[in-house]
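Working notes, beginning with the structure itself.
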Ligand code: MLT
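Numbering (the working numbering), first residue to last: 23 to 426.
Rendered as structure tokens:
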């Protein structure tokens, strides 16, 4: 008898952003004239930049020639892309091209990597945080039931206003720690000292850190760490996830990369260190056939002179939107976090998140994300995304000002 994975039954409803899409569909039917502005899911709106598009086209043209045609590419990604990432993203950190593994998205990588660990791996992750870390571990059977807003068997690192949503490492032992900075959803960024505490913890506990840095390109304050590898010895105990999605508008084009330094170790059944890099390559080459050649050409173009300038312009465009949002929150006298080094603004509404989400949608047509969708500690908050046109962000903020 083919039997369903029982752990899926523990999951709470549908994935957060699918649930929001369904509600939006219903609202569209109920109020066909409602002018919807989406500041919910962090999805870019600006087109791919000219340098990226040129390289993308060139990649397609190459595929039409005898010499340029490519069949299966290297599963780990073409060397031209891994080399250029190594040089441009980690100029002083000595991350080598063969420690970079190209994929079609950080969401997939961050969800898939946990299959390399034993079933009884103990997991600690922040609350609030990107829901994929929790859900993928629940699917894998690393939790018990959902009670009082949380899964039993998973340890939640308490992100609160008291710690500015940068929770400290746990006091007890855990094997696997998820971190996300700049944080989704709060937009807060950990300092070097904060990350040093986690690296020290991971080394002391023989634990592994999964560091999601999908939004690091949005950091404006140069004193803040963009990569966990800025912390000494982090290469031994941390994996970093990076993405072209938000950085360069690739949400629909799909390209990302995961960094697993050769010295990053986990442990075998005899407690002997084993290279995580080798295990991930084994998994990746078995289950994935690489990102398409034209897409990798397009991704590499963000590191050309023109591509880098255009990419930075897009980041500054969204950060300008974030400023409009934070200024509006200040005018409204609402407490907020983020928006300075991240494209998300995290607002304390002092009302139920879903009630606030619904009220704002019905009255103004603005789609936000309810904070409680990111964890129990998100209750009372809403997340506002800066990914939209400046015109739409300005209109949305005017509507919010009239509503509050
Ligand atoms: C978000 O809005 O949290 C993100 O866009 C979701 C994602 O990157 O998968």
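We put the CB at the ideal spot given by N, CA and C, even for glycine.
Practice problem: Entirely within the stretch 209-289 and at least 4 residues each: give me those alpha helix (DSSP H) ranges in chain order. | Solution: 214-226 and 267-270
Quiz item: Got a sec: does the ligand MLT put a non-hydrogen atom nearer than 7 Å to the Cβ of residue 343?
Solution: By 1-based counting over the chain shown, the position of residue 343 is 321. Result no, Cβ not under 7 Å from the ligand MLT.
Quiz item: Excluding sequence positions up to five away, which residues of its chain have a Cβ less than 7 Å from the Cβ of residue 350?
Solution: Residue numbering aside, residue 350 sits at position 328 when the chain shown is read from its first letter. So the list reads 419, 422 and 423, once near-sequence residues are dropped.
Quiz item: Looking at the structure shown, is residue 164 part of a helix, part of a strand, or coil, going by DSSP?
Solution: Residue numbering aside, residue 164 sits at position 142 when the chain shown is read from its first letter. Correct three-state label for residue 164: coil.
Practice problem: Count the C-beta pairs between the stretch 89-107 and the stretch 317-325 that are closer than 8 Å, then say yes if the count reaches three, no if not. | Solution: yes
Practice problem: With a cut-off of 8 Å on the beta carbons, I'd call residue 62 and residue 391 a contact; round off their distance for me. | Solution: Your numbering for residue 62 matches position 40 in the chain shown. Your numbering for residue 391 matches position 369 in the chain shown. Sure, about 5 Å apart at Cβ, within 8 Å.
Exercise. Taking only heavy atoms of the ligand MLT into account, decide whether any of them is closer than 7 Å to the Cβ of residue 152.
Key: Against the chain shown, residue 152 aligns to sequence position 130. Yes.
Practice problem: Kindly list the residues whose CB is nearer than 6 Å to the CB of residue 256, restricted to its own chain and excluding five residues on each side of it in sequence; keep chain order. | Solution: Numbered from its first residue, the chain shown carries residue 256 at position 234. Once the five neighbours on either side are set aside, the close Cβ partners of residue 256 are 221 and 250.
Exercise. Starting from residue 127, follow its DSSP beta bridges and name the residues at the other end.
Key: For the purposes of this step, residue 127 is taken as the residue at position 105 of the chain shown. Answer is none; residue 127 lacks a bridge partner.
Self-check item: Sequence-distant residues of its chain with Cβ nearer than 6 Å to residue 248 (five each side left out)
Solution: Here residue 248 refers to the residue found at position 226 when the chain shown is read from its first residue. Counting only Cβ-Cβ distances below 6 Å, and skipping sequence neighbours, we find 238 and 241.
Quiz item: How about residue 206: is its Cβ closer than 7 Å to a heavy atom in the ligand MLT?
Solution: Here residue 206 refers to the residue found at position 184 when the chain shown is read from its first residue. Yes; taking the cut-off as 7 Å, the Cβ of residue 206 has a heavy atom of the ligand MLT nearer than that.
Quiz item: Around the Cβ of residue 275, are there at least 16 other Cβ atoms within 10 angstroms (buried) or fewer (exposed)?
Solution: Along the chain shown, one-based indexing puts residue 275 at 253. Answer is buried; the Cβ neighbour count reaches 16.
Self-check item: Assigned exposure category for residue 348 - 16 Cβ within 10 Å defines buried
Solution: Position 326 of the chain shown, counted from the first residue, corresponds to residue 348. The residue in question, residue 348, is buried, as its Cβ has 16 or more Cβ neighbours within 10 Å.
Practice problem: Using only the heavy atoms of the ligand MLT, determine whether one of them is closer than 7 Å to the beta carbon of residue 63. | Solution: Indexing the chain shown from 1 puts residue 63 at position 41. True, at least one ligand heavy atom lies under 7 Å from that Cβ.
Quiz item: Does the pairing of the stretch 201-221 with the stretch 169-178 give three or more beta-carbon distances under 8 Å?
Solution: no
Quiz item: Taking Cβ positions, are residue 306 and residue 286 nearer each other than 8 Å?
Solution: On the chain shown, position 284 is the one that residue 306 refers to. On the chain shown, position 264 is the one that residue 286 refers to. Against a cut-off of 8 Å, the Cβ pair of residue 286 and residue 306 comes out as no contact.
Self-check item: Burial state of residue 193, where buried means 16 or more other Cβ atoms lie within 10 Å
Solution: For the purposes of this step, residue 193 is taken as residue 171 along the chain shown, with counting starting at 1. So residue 193 ends up on the exposed side.
Practice problem: Tell me, please, which residues DSSP counts as bridged to residue 368. | Solution: Along the chain shown, read from residue 1 onward, the residue named residue 368 stands at position 346. DSSP, once it has assigned bridges, lists 359 and 405 as partnering residue 368.
Self-check item: residue 117 and residue 254 closer than 8 Å at C-beta
Solution: Start at 1 with the first residue of the chain shown, and residue 117 comes out as number 95. Start at 1 with the first residue of the chain shown, and residue 254 comes out as number 232. No, the pair does not count as a contact, with Cβ atoms beyond the cut-off.
Exercise. Tell whether a beta-carbon distance below 8 Å holds between residue 120 and residue 398.
Key: Mapped onto the chain shown, residue 120 falls at position 98. Mapped onto the chain shown, residue 398 falls at position 376. Cβ atoms of residue 120 and residue 398: not closer than 8 Å.
Exercise. Grab me the residues of residue 216's own chain with a C-beta within less than 6 Å of its C-beta, minus the 5 sequence neighbours each way, in chain order.
Key: Reading the chain shown from its first residue, position 194 is the one you call residue 216. If we look at residue 216 and ignore the five residues flanking it on each side, its Cβ neighbours are 188.
Quiz prompt | residue 162 versus residue 267: straight-line alpha-carbon distance, rounded | solution = If you number the chain shown from 1, residue 162 lands on position 140. If you number the chain shown from 1, residue 267 lands on position 245. Cα to Cα, the separation comes out at about 26 Å.
Quiz prompt | Coarse secondary structure for residue 191, derived from DSSP in three states | solution = Translated into positions along the chain shown, residue 191 becomes position 169. In this structure, residue 191 counts as coil in the three-state DSSP scheme.
Quiz item: Quick one: does residue 150 have its CB under 8 Å from some CB of chain C?
Solution: Checking the listed chains, one finds no chain C in this structure; it contains a single protein chain.
Quiz item: With C-beta atoms as the reference, is residue 279 less than 8 Å away from residue 234?
Solution: To locate residue 279, count along the chain shown from 1; it is residue 257. To locate residue 234, count along the chain shown from 1; it is residue 212. In this structure, residue 234 does not lie closer than 8 Å to residue 279 by Cβ.
Exercise. Output yes or no for whether 8 Å exceeds the beta carbon distance between residue 211 and residue 246.
Key: Along the chain shown, one-based indexing puts residue 211 at 189. Along the chain shown, one-based indexing puts residue 246 at 224. Yes, the pair counts as a contact, with Cβ atoms nearer than the cut-off.
Quiz item: Could you give the distance in angstroms between the alpha-carbon of residue 151 and the alpha-carbon of residue 89?
Solution: Translated into positions along the chain shown, residue 151 becomes position 129. Translated into positions along the chain shown, residue 89 becomes position 67. Residue 151 and residue 89: Cα-Cα distance of roughly 46 Å.
Quiz item: Sorted by chain position, which residues of the same chain lie with C-beta nearer than 6 Å to residue 401's C-beta, five sequence neighbours on each side aside?
Solution: Position 379 of the chain shown, counted from the first residue, corresponds to residue 401. Once the five neighbours on either side are set aside, the close Cβ partners of residue 401 are 375 and 394.
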